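> Position one of the sequence shown corresponds to residue 196 (the numbering used here), numbered consecutively onward.
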Amino acid sequence: MEWFIAKLVYQIQSGEGNHRPQFDEQLRLIQADDFSSALSKAKEVGIDQQSTFFNINKELVSWKFVDIVALDKVNSVSDKSEVYSEIVEADSANEYLSDLKIKARKVRRQLIQVEHYI
């Protein structure tokens, strides 16, 4: 088993979404046999950690998993540990998500390159 660090992104919406778009970018440690397995496991974590709850203003808050935007092999300590998180307030949700999708495609291209060399 090898260690990987994955960057997961969530979109946060409170109430009707009448606020500046927010995104949470998390780095997670993933233990897996290979890059492909690490990517699958990271997606599983992303989906499992989605949530909805009511805030103190009784508004529904949702954290929706968007995608994996980075995945790198590393040496580390414990499986699926969150090591970094940042809530991003974007000027435009559409522009942010567009940039995010570009990063996610880059991760998938890395997988193709890794599998090509095996």
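Just so you know, even glycine gets a beta-carbon here, dropped at the ideal spot from N, CA and C.
Just so we're clear, the structure is a prediction, and the values are computed from it rather than from any experiment.
#1: Closest by CA to residue 228, which one among 196, 307 and 312?
#2: May I have a chain-ordered list of the alpha helix (DSSP H) segments no shorter than 4 residues that lie completely inside the segment 247–313?
#3: Relative to the C-alpha of residue 306, which residue among 263, 211 and 204 is closest?
#4: Pull up the distance between the alpha-carbon of residue 287 and that of residue 201, whole angstroms please.
#5: Could you check how far apart the C-beta atoms of residue 255 and residue 212 are, in whole angstroms? I think they sit under 8 Å.
#6: I need the straight-line Cα distance from residue 199 to residue 207, nearest angstrom please.
#7: So what does DSSP say about residue 239, is it helix, strand or coil?
#8: Compare the Cα-Cα distances from residue 243 to each of 216, 284 and 205 and report the closest residue.
#9: Just how far apart, CA to CA, sit residue 259 and residue 311?
#10: Going by beta-carbon coordinates alone, are residue 273 and residue 224 separated by less than 8 Å?
According to the structure data:
#1: Sequence index remark: in the sequence shown, residue 228 carries index 33 (1-based). Comparing C-alpha distances from residue 228 to each of 196, 307 and 312 shows the shortest one belongs to 196.
#2: Fully enclosed alpha helix (DSSP H) runs of 4 or longer: 288–312.
#3: As a position in the sequence shown, residue 306 is number 111, starting the count at 1. Nearest option by C-alpha distance: 263.
#4: Taking the sequence shown and counting its residues from 1, one reaches residue 287 at position 92. Taking the sequence shown and counting its residues from 1, one reaches residue 201 at position 6. Whole-angstrom Cα-Cα distance: 24 Å.
#5: For this step, residue 255 is matched to residue 60 along the sequence shown. For this step, residue 212 is matched to residue 17 along the sequence shown. Their Cβ separation, rounded to whole angstroms, is 10 Å, which puts residue 255 and residue 212 out of contact at 8 Å.
#6: Working through the sequence shown from its first residue, we reach residue 199 at position 4. Working through the sequence shown from its first residue, we reach residue 207 at position 12. One alpha carbon belongs to residue 199, the other to residue 207, and they sit about 25 Å apart.
#7: Mapped onto the sequence shown, residue 239 falls at position 44. Secondary structure of residue 239 (DSSP, three-state): helix.
#8: Locating residue 243 in the sequence shown gives position 48, counting from the first residue. Out of 216, 284 and 205, 205 has the C-alpha closest to the C-alpha of residue 243.
#9: Taking the first residue of the sequence shown as 1, we reach residue 259 at position 64. Taking the first residue of the sequence shown as 1, we reach residue 311 at position 116. C-alpha separation (whole angstroms): 33 Å.
#10: Working through the sequence shown from its first residue, we reach residue 273 at position 78. Working through the sequence shown from its first residue, we reach residue 224 at position 29. Yes, the pair counts as a contact, with Cβ atoms nearer than the cut-off.
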